[in-house]
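Engineer: Heads up, this note's numbering is the position in the sequence shown plus 310, with the first residue counted as 1.
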Amino acid sequence: MAEENQSKDNERKDPTAPRMSSDSLLSSAPPVSSETDVTTEAPTTTAEMGTVVLSRYRAVDRDTGRFIVADDSRNIQLHVVPGLTVTEEDRKQYPEHTIFLDGSFGGPPFLDNERWQYSLDHHDGCVRPFTLATCQQAAVMLLKGLPVSEGEWRLFVNQPDLDALFAAWLFMNHQDVLADQATLLRAVMPLLHVEGVIDSHGLEYAVLTGLSEEEYDVQKERLDQLMIPEREHRSAGTWANLDMVDYACDRLAAIDATLADAGMLRERAQVEVMSTRDIQGDKQLVLCRSTGGIYEVEARLRELFGKALGVIILQTGADRYTLKQVDSFLSRDLVALYQALNARDPEAIAQSDSGANLWGGAADIGGSPRATVTGLSSDEILEIASRVYRGTSWFRRLLGKKKR
Numbered sequence: 311m312a313e314e315n316q317s318k319d320n321e322r323k324d325p326t327a328p329r330m331s332s333d334s335l336l337s338s339a340p341p342v343s344s345e346t347d348v349t350t351e352a353p354t355t356t357a358e359m360g361t362v363v364l365s366r367y368r369a370v371d372r373d374t375g376r377f378i379v380a381d382d383s384r385n386i387q388l389h390v391v392p393g394l395t396v397t398e399e400d401r402k403q404y405p406e407h408t409i410f411l412d413g414s415f416g417g418p419p420f421l422d423n424e425r426w427q428y429s430l431d432h433h434d435g436c437v438r439p440f441t442l443a444t445c446q447q448a449a450v451m452l453l454k455g456l457p458v459s460e461g462e463w464r465l466f467v468n469q470p471d472l473d474a475l476f477a478a479w480l481f482m483n484h485q486d487v488l489a490d491q492a493t494l495l496r497a498v499m500p501l502l503h504v505e506g507v508i509d510s511h512g513l514e515y516a517v518l519t520g521l522s523e524e525e526y527d528v529q530k531e532r533l534d535q536l537m538i539p540e541r542e543h544r545s546a547g548t549w550a551n552l553d554m555v556d557y558a559c560d561r562l563a564a565i566d567a568t569l570a571d572a573g574m575l576r577e578r579a580q581v582e583v584m585s586t587r588d589i590q591g592d593k594q595l596v597l598c599r600s601t602g603g604i605y606e607v608e609a610r611l612r613e614l615f616g617k618a619l620g621v622i623i624l625q626t627g628a629d630r631y632t633l634k635q636v637d638s639f640l641s642r643d644l645v646a647l648y649q650a651l652n653a654r655d656p657e658a659i660a661q662s663d664s665g666a667n668l669w670g671g672a673a674d675i676g677g678s679p680r681a682t683v684t685g686l687s688s689d690e691i692l693e694i695a696s697r698v699y700r701g702t703s704w705f706r707r708l709l710g711k712k713k714r
C-alpha cells in the first residue's frame, strides 16, 4: 500500500526533483527581526517602466535571499527553496517560530513547542494512509491555537505544489481564516478536503471527502484550474527553469481569486501601475488604475514606492480620475495642477447652466470634472502633471521670498 500511495503522490509531484541539504541554505536564511521591512526600492525608470499589477503577496529581496510576505501578515515569511531537506541536526540551527511544510523537513512530522518549531507533513515517518495532508494539518493547527500572529514566523516549502501552498495560504491569511468563528475556514474546508484526499490517496477515493458527487466535482474543477500553470510547465519541460518564488506568489494570488469568484473571500482591489515620472529629487508621480478607493490604493503603492511616492493619478473608471498628493512638501500642490488641467481639458467648463465642470478639490486630494468625463487621455494627464511638479523646490521659493 505504501508503494501504491507513493506512485499516486508522484502524479502531482516531480519525482526527479533534486533533494537539497539545508547546510548550504542556513547561512542564506534572513535574520529574524522584530519588524520585517517589506518595502522595495522605488523604480528608477519612468517611460520604460512596464505595467505592474500589485498583488497582496510580494517577493521581498534581501542580500540573503528572497521570500514572500502578504499584506495582512507581514510577520510571516514564506521561503520557497527547491530541493530543501532539513535534517534533525540541521533544524537546531533554525530560529524559533519555524514551520517546515510538506517534506521540507526530512523526517517524521513533529511539534516542538519548546522551540516553536513544527513540521507538517504526510510523507516520511508516518502512516500515510490515515495521515492528513499538509494543508489539512495546517487548518488543524490554526484551530488548535498556534499563535502565528505573535512574533516573526518562517514557513519553508521545497516545492510550490497545491498542498504546500494551501497550507502556507492558511497561515498567511490566518486572521481572515479564523474571523467570525472561522467562517472562511468553514467555506474553504471542502476545497482543502478534496486537495488532501487527492494528494494523499489519488482520484479514486473521492468518497473520503464526505462531499456529494456534485460538490466534489465543483471543488475538483477549482483545483484543476489552479493546477493549469504547473501542468503546462511540466508538459513543456520548463518547470525546472521557473523562479519558484515568483511562481508561488502568482499561485497564492490565484487562490485568492478562486475563493473570491466562489464568493468565499472578499475580492480585494488590484492596483495596476501604468506609468511613472520622476518629478522632484527621488519623488515619483504614479499613474495607475484600480477599482479600489484612493486610500487603499495609496497603501498598496507605498509598499512598492516607499518614501518616493509623491503624487498619485488614479483612473477609477473610463476617463474618470482621482488625484492624491502624498508628499506635502513638494514645490507645488494640486491647486496648481487643477489650473493646468482645466486650461487643457476640452470638457472643463468654468460656467454653464448646470454650474462649473472642472478639475478641482483640496490641495492634497481631488479629481476630474464630475458632470462629464475628462477630455484628456491618461498620457496627457501624466505629462501635464509631470510638467507642473517639475519646478523650484518649496525651500528655494521660501528662501527667495525671505531675501526679498
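Glycine is no exception: its CB is placed at the ideal position from the N, C-alpha and C atoms.
No experiment lies behind these values; they were computed from the predicted model shown.
Relative to the alpha-carbon of Asp-471, which residue among Asp-400, Ile-694, Arg-401 and Leu-411 has its alpha-carbon at the smallest distance?
Structural biologist: Per the Cα distances, Leu-411.
Engineer: Rank Ile-623, Ala-658 and Glu-606 by C-alpha distance to the C-alpha of Ser-365 and give the top, closest one.
Structural biologist: Checking every option, the nearest Cα to that of Ser-365 belongs to Glu-606.
Engineer: If the criterion is Cβ atoms closer than 8 angstroms, does the pair Asp-566 and Ala-369 meet it?
Structural biologist: Going by C-beta atoms, Asp-566 is not nearer than 8 angstroms to Ala-369.
Engineer: With distance defined between alpha-carbon atoms, name the residue in Leu-430, His-511 and Gln-529 nearest to Phe-481.
Structural biologist: Answer by Cα proximity: Leu-430.
Engineer: Assign Asp-588 to one of three DSSP states: helix, strand, or coil.
Structural biologist: DSSP places Asp-588 in strand when its eight states are reduced to three.
Engineer: Can you list, in chain order, the residues of its chain whose CB lies under 7 angstroms from that of Val-698, leaving out five sequence neighbours each side?
Structural biologist: Correct list, in chain order: Arg-642, Ala-646, Leu-647 and Ala-650.
Engineer: For the structure I just gave you, are there three or more beta carbon pairs, one from the region 389-400 and one from the region 491-506, closer than 8 angstroms?
Structural biologist: Touching, no.
Engineer: Ends of the beta strand (DSSP E) at Gln-594?
Structural biologist: That run of the beta strand (DSSP E) goes 594-600.
Engineer: Can you look up Tyr-367 in the DSSP assignment and give me helix, strand or coil?
Structural biologist: If DSSP states are grouped into helix, strand and coil, Tyr-367 belongs with the strands.
Engineer: Determine the direct distance from the alpha carbon of Tyr-526 to that of Ala-448, and round the result to whole angstroms.
Structural biologist: Taking the straight line joining both Cα atoms gives about 21 angstroms.
Engineer: Assign Val-437 to buried or exposed, taking buried as 16 or more other Cβ atoms, counted over all protein chains shown, within 10 Å of its Cβ.
Structural biologist: Exposed is the call here.
Engineer: If you reduce the DSSP assignment to three classes, tell me which class Ala-352 lands in.
Structural biologist: Its pLDDT being 36, under 50, Ala-352 is placed unreliably in this model, and the value from its coordinates should be taken loosely. Coil at Ala-352, not helix or strand.
Engineer: Once DSSP output is grouped into helix, strand and coil, what is the label at Leu-668?
Structural biologist: Three-state DSSP puts Leu-668 in coil, outside helix and strand.
Engineer: So, does the region 576-596 touch the region 618-626, judging by three or more C-beta pairs under 8 angstroms?
Structural biologist: These segments touch.
Engineer: Taking only beta-carbon atoms, is Asp-381 less than 8 angstroms away from chain D?
Structural biologist: The displayed structure is made up of one protein chain only, and chain D is not part of it.
Engineer: Under three-state DSSP, which class holds Phe-639?
Structural biologist: Phe-639: coil per DSSP, three-state reduction.
Engineer: Considering Ala-653, what are the terminal residues of the alpha helix (DSSP H) in which it resides?
Structural biologist: Segment 644-654, the alpha helix (DSSP H) holding Ala-653.
Engineer: Let me know if Arg-561 comes out buried or exposed under the rule of 16 or more other beta-carbons within 10 Å of its beta-carbon.
Structural biologist: Result: buried.
Engineer: Would the region 482-490 and the region 373-389 be scored as touching if the rule is three or more Cβ pairs under 8 angstroms?
Structural biologist: Flag = yes, the region 482-490 and the region 373-389 touch.
Engineer: Specify the secondary structure class of Asn-551 as computed by DSSP and reduced to three states.
Structural biologist: If DSSP states are grouped into helix, strand and coil, Asn-551 belongs with the helices.
Engineer: Can you pull the DSSP bridge partners for Asp-422?
Structural biologist: The partner list for Asp-422 (beta bridge, DSSP) reads Gln-427.
Engineer: Pick out whichever of Ala-492, Gln-469, Glu-462 and Pro-439 has its Cα sitting closest to the Cα of Met-451.
Structural biologist: Answer by Cα proximity: Ala-492.
Engineer: How is Ala-497 classed by DSSP in three states: helix, strand or coil?
Structural biologist: Three-state result, Ala-497: helix.
Engineer: For His-432 versus Leu-421, is the C-beta distance shorter than 8 angstroms?
Structural biologist: In this structure, Leu-421 does not lie closer than 8 angstroms to His-432 by Cβ.
Engineer: Give me the Cα-Cα distance between His-543 and Met-554, rounded to the nearest whole angstrom.
Structural biologist: In a straight line, the C-alpha of His-543 is about 12 angstroms away from that of Met-554.
Engineer: How is the beta strand (DSSP E) around Arg-380 delimited, first residue to last?
Structural biologist: Reading off the sequence shown, one finds Ala at residue 380, where the question assumed Arg. Start and end: 375-380.
Engineer: Alpha carbons only, please: which of Arg-576, His-503 and Ala-516 is nearest the one belonging to Thr-444?
Structural biologist: Of the listed residues, the one whose Cα sits closest to Thr-444 is His-503.
Engineer: Check for me: the beta strand (DSSP E) holding Arg-384 runs from which residue to which?
Structural biologist: Here the beta strand (DSSP E) through Arg-384 covers 383-390.
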